[in-house]
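At position 67 of the sequence shown (counting the first as 1) the number is 79 in this note's numbering, and the numbers step up by one without a gap.
Backbone N, C-alpha and C fix where the C-beta goes; we use that ideal spot for every residue, glycine too.
Note sheet for the following structure.
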Amino acid sequence: MPKSIAIIGITGNQGSSVASHYLSLNSAAIQSGDAPPYTIRGLTRNPASPAAIHLKSQSVEIVKADLDDASALISALKGANLIFSVTNYWEPFFRPDCRAKAKQLGLSPRKYAYDVEHAQGQNIADAAAATVDSLDDNGFIVSTLSHATQCSNGKYPELYHFDAKADIFPNYVKAKHPELAKKMSCLQTGYFMHSFRIAPASYFRRTGDKSFETCFTTHPDTKVPHLDPVGDVGKMVHAISQLPAGKSYMAAGDMMSWKEWMEVWGRVTGMESRYRQVSVEETVAHCGDEDFGKEIADMFSYSSWPGYDGVSEIEAKEGEQDAEKVVIYSKDLKKLGVDVKMTSWEEYVKKSDWSEVLNKEVVQP
Ligand SMILES: NC(=O)c1ccc[n+]([C@@H]2O[C@H](COP(=O)([O-])OP(=O)(O)OC[C@H]3O[C@@H](n4cnc5c(N)ncnc54)[C@H](OP(=O)(O)O)[C@@H]3O)[C@@H](O)[C@H]2O)c1
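Printed below as a string of structure tokens:
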């Protein structure tokens, strides 16, 4: 009997990566003369989108479901052996109609997007709990981030796109659905290597003909995780699914400071590059959108302390870390018996088209 995989966010970066990985496992089985081991079901709001149609042509079952619709989710996830879940803070944060709704409700765009992502996560958790018996022992793999308010002891109470995820995965699931929690693994994801497209005013600012700088509030020497989500989330999910449930992981192809990150980019592209630590105010000024600037400035500052994964270097020293907060990184999976080849930042830079960055206008440093 093939295993049934249900993928939320299948048309996006992380979900499409999971779909590609399991499709490749099916192809490998077919080539060896075996039956495909997985049936793949993907959820989308729009089954007529080019991405959904392409997935359907690869024999993915496409199911229409909106994360705001709790009952549609229950039937879309029913009978799954493995569920991959992801929620998207940035859509309700940026969409003009959501900005208008936030204003109408008297909420900042940051808090409004928190409320939407939190409610969607809760709907996912409730629907997964309704099919807990069909899930494999480690059958609920959720994309999440660390809890900034808790991990910083209240220093960062408004890092909404972290807390909206962690308030549900794992907190709500543990509190409300203990049987589901026993089958859950939390997958934190590092800084997406393509995020220079999401925050172009902070990443790769062109300061001269051949010179570029990246400006965040993170300390220049703090190492942070970096991830190619399209290339690698699927591999991580498959690897984790083979391990016991109940742990937290960090998907990362590299762990390096922003200074090192810019050095690699400069070396590969032949450009002059530097990293400059800036203030929250300068980040906001670069972004031109106060809410976006503050949300990302909080994230970059939180990355300096306690750390992107919520665990400070002092805590991480053996014996000083709360067992609940242990995060297993991709590079350490080998010790647990599963090996995952992740994409390094250098490999990503070499395989990517940088014309979008190299064609930028020069700005004042
Ligand atoms: N950028 C970074 O560096 C970074 C790092 C770590 C974590 N993250 C997190 O990554 C998340 C985004 O993940 P991603 O990049 O994989 O997303 P993405 O590529 O933007 O795709 C979003 C996916 O979610 C689905 N979706 C969104 N709203 C939905 C709804 N109401 N009902 C059903 N499906 C819905 C979309 O499906 P349809 O449109 O087909 O319905 C799409 O498949 C964000 O929450 C962000 O905080 C980002």
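- Three or more Cβ pairs closer than 8 Å define a contact, and the segment 138-153 falls short of that threshold against the segment 292-306.
- The segment 45-53 makes contact with the segment 13-29: 3 or more CB pairs, one atom from each, lie closer than 8 Å.
- DSSP places arginine 122 inside the alpha helix (DSSP H), whose first and last residues are 121-142.
- Of Glu103, Leu85 and Pro104, the smallest CA-CA separation from isoleucine 95 is found for Leu85.
- In the three-state scheme derived from DSSP, where H, G and I count as helix and E and B as strand, lysine 362 is classed as helix.
- The beta carbon of glycine 220 is closer than 7 Å to those of Val374 in its chain, skipping five residues each way along the sequence.
- If you compare the alpha carbons of Arg288, Ala257 and Lys186 with that of threonine 234, the shortest gap goes to Arg288.
- As for any beta strand (DSSP E) of minimum length 3 sitting wholly inside the segment 43-128, the runs are 50-56, 73-76 and 94-97, ordered along the chain.
- Every beta strand (DSSP E) of 3 residues or more that sits fully in the segment 219-280 is shown, in chain order, as 223-228, 236-239, 260-263 and 266-268.
- In this structure, ligand 1 has a non-hydrogen atom nearer than 6 Å to the beta-carbon of histidine 173.
- Of the candidates Pro59, Ser120 and Leu89, the residue whose Cα lies closest to the Cα of glutamate 307 is Ser120.
- Residues Ser29, Val30, Ser32 and His33 of the same chain have their beta carbon placed closer than 6 Å to that of glycine 246, with the five preceding and five following residues left out of the count.
- With a minimum length of 3 residues, the unbroken runs of beta strand (DSSP E) contained wholly in the segment 173-228 fall at 196-201 and 223-228.
- Around the beta carbon of serine 39, fewer than 16 other beta carbons sit within 10 angstroms, so the residue counts as exposed.
- For tyrosine 101, the shortest C-beta to heavy atom distance toward ligand 1 is below 6 Å.
- Short note on arginine 53: C-beta not closer than 6 Å to any heavy atom of ligand 1.
- A distance criterion of 6 Å places the beta-carbon of glutamine 70 beyond contact range of ligand 1, judged by its closest non-hydrogen atom.
- Across the structure, serine 342 and alanine 263 are spaced so that their CA atoms are roughly 5 Å apart.
- Judged by beta-carbon spacing, threonine 156 lies within the 7 Å limit of alanine 178, meaning their Cβ atoms are closer than that value.
- Contact check for threonine 143 and lysine 90: beta-carbon distance about 5 Å, within the 8 Å limit, so the pair qualifies.
- Within the DSSP secondary-structure output, phenylalanine 152 pairs in a beta bridge with Ile95 and Met196.
- At a threshold of 6 Å, arginine 57 counts as near ligand 1, since its beta carbon sits closer than that to one of the ligand's heavy atoms.
- Within a 10 Å sphere around the beta-carbon of arginine 209 sit fewer than 16 other beta-carbons, which makes this residue exposed.
- Secondary structure at lysine 337: helix, using DSSP grouped into helix, strand and coil.
- Note that the C-beta distance between tyrosine 314 and tyrosine 168 is below 7 Å.
- By the Cβ criterion, the segment 171-186 is in contact with the segment 109-125, since at least three pairs of Cβ atoms, one from each stretch, lie closer than 8 Å.
- In terms of Cα proximity to methionine 268, the closest of Pro241, Thr230 and Ser291 is Thr230.
- Taking the CA atoms as reference points, aspartate 145 sits about 12 Å from histidine 189.
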